[in-house]
Amino acid sequence: MYLVILRLKLKYLITGATGFIGKELIDKIRKNGDSFEIITRNSNRAKKIFPDANLIHQIDLKTEVPKADIFKDIDVVINLAGEFVFNPFGWTKSKKLSIYNSRVLLTKNLVKGISASTNNSMVLVSASAVGYYPQSENGKVFDEQSSSGKEFLSEVCRDWENEALLAKNFGVSVSIIRLGIVLGKQGGVIKNFYWPFIFGLGTVFGKGTQWWSWIHVKDVVNLILFCAENRLNGIYNGVSVLPVMHQDFVKMLAKLLNRRVYFKFPEIFLKLIFREMASELINSYNVKPNATLKSGYEFIYDNLNEALGNILKRDSK
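What follows is the structure, given as structure tokens:
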């Protein structure tokens, strides 16, 4: 006699679906046999990328509140939207406002839509970042219980999270995932580093002793779905167990690509070129996923060499 366990199919509603993480997430949702809808500003682009989406809602969440009825049959809302932080011209006033509004104001309007819905059995999984924390100076290590920092991105993350957590007032389970540096071939730091390293232009930013708390994109996707399927409430750090110093990350990447690193980009020049934004290249975040581990989530990749090897097609794990 065989015991057959039937898994209920879930319906997801996703913001930020056309981004690096969103595409990976939807690929896994498809494989699980679940369905998805998308909220986007550009429905034509989304239709080309996701022709199998149940529905695509063209809504600019920075200026519009979604109608309550779009949440009627939704099991899980996943909020990944947010403008890219880096800008070759540094952070202008307009860029900082756009970074803030694309996260905080967008999430505020999303939660307003959720609050008007009669569906209070939803789960909201909302992204944040380890930029929430202060700098890891003098050996300081932070976890989910630590207080926020005082820099611009700390303020963004704090306000972003607070808007998402308001959904709890309407009976919705809310998981916040503070993401570290996300590693994957199709986006993030690897995509930006790959060709400069291939052409021998790989570099260390500043002293190189700043801590990088990283996570493989497969773990990001699995952690999001773990929070959703287990209806978790709380803050969870989306970082691997073993952070590394930036200089060690650069050396490991260069070794796997059979290249050398000849340059260091001095901190003073980074600040001259990128001004306030330079902090995101030289800031140090030594962050531990204590609450994530306590929740029962098991990382696929906790070793950077294995993670980079997978991304660079050295293994198929």
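Taking the working numbering, the leading residue of the sequence shown gets 7, the next gets one more, and so forth.
C-beta atoms are modelled at their ideal positions from N, C-alpha and C, and glycine is treated no differently.
Keep in mind it's a predicted model, so treat the numbers as computed, not measured.
Going by other Cβ atoms of all chains shown within 10 Å of its Cβ, with 16 needed for buried, is D33 buried or exposed?
By the 10 Å Cβ count, D33 comes out exposed.
Thinking C-beta only, is D149 closer than 8 Å to K37?
Cβ distance not < 8 Å, so K37 and D149 don't count as in contact.
Output the distance between the C-alpha atoms of V180 and R266, rounded to the nearest integer angstrom.
Rounded to the nearest angstrom, the two C-alpha atoms are 44 Å apart.
In whole angstroms, give me the CA-to-CA distance for H63 and I44.
C-alpha separation (whole angstroms): 6 Å.
Helix, strand or coil, according to DSSP, for F255 in the structure here?
Three-state result, F255: helix.
Here's the rule: buried if 16 or more other CB atoms are within 10 angstroms of the residue's CB, otherwise exposed. What is N175?
N175 comes out exposed.
Short check: CB of P72 to CB of I65, under 8 Å?
Yes; because the gap between Cβ atoms is below 8 Å, this pair is in contact.
With distances taken Cα to Cα, identify the nearest neighbour of A59 among L67, G28, I204.
Nearest of L67, G28, I204 to A59, Cα basis: G28.
DSSP state of N168, grouped into three classes?
If DSSP states are grouped into helix, strand and coil, N168 belongs with the helices.
Measuring CB to CB, does V117 end up less than 8 Å from A234?
The answer is no: Cβ separation not under 8 Å.
So, at 7 Å on beta carbons, what are the nonlocal neighbours of N126 in its own chain, with the 5 sequence-adjacent residues on each side left out?
Result list for N126: F176, G177, V178, in chain order.
Here's the rule: buried if 16 or more other CB atoms are within 10 angstroms of the residue's CB, otherwise exposed. What is T215?
With fewer than 16 Cβ atoms within 10 Å of its Cβ, T215 is classed as exposed.
Based on Cα-Cα distance, which residue from I204, K99, Y307 lies nearest to L259?
Minimum Cα distance to L259 is reached at I204.
Apply the 10 Å Cβ neighbour rule to G145 and answer buried if 16 or more other Cβ atoms are within range, or exposed otherwise.
By the neighbour-count rule (16 or more Cβ atoms within 10 Å), G145 is not buried but exposed.
Helix, strand or coil: how does DSSP classify S127 here?
Three-state result, S127: coil.
Can you tell me which of the three DSSP states W97 falls into?
In the structure shown, W97 sits in coil (DSSP, three-state: anything other than H, G, I, E or B).
Could you check what DSSP says for F176 in three-state terms: helix, strand or coil?
Reduced to three states, the DSSP call for F176 is helix.
Given a cut-off of 8 Å on the beta-carbon distance, is the pair W218 and F271 in contact?
No.
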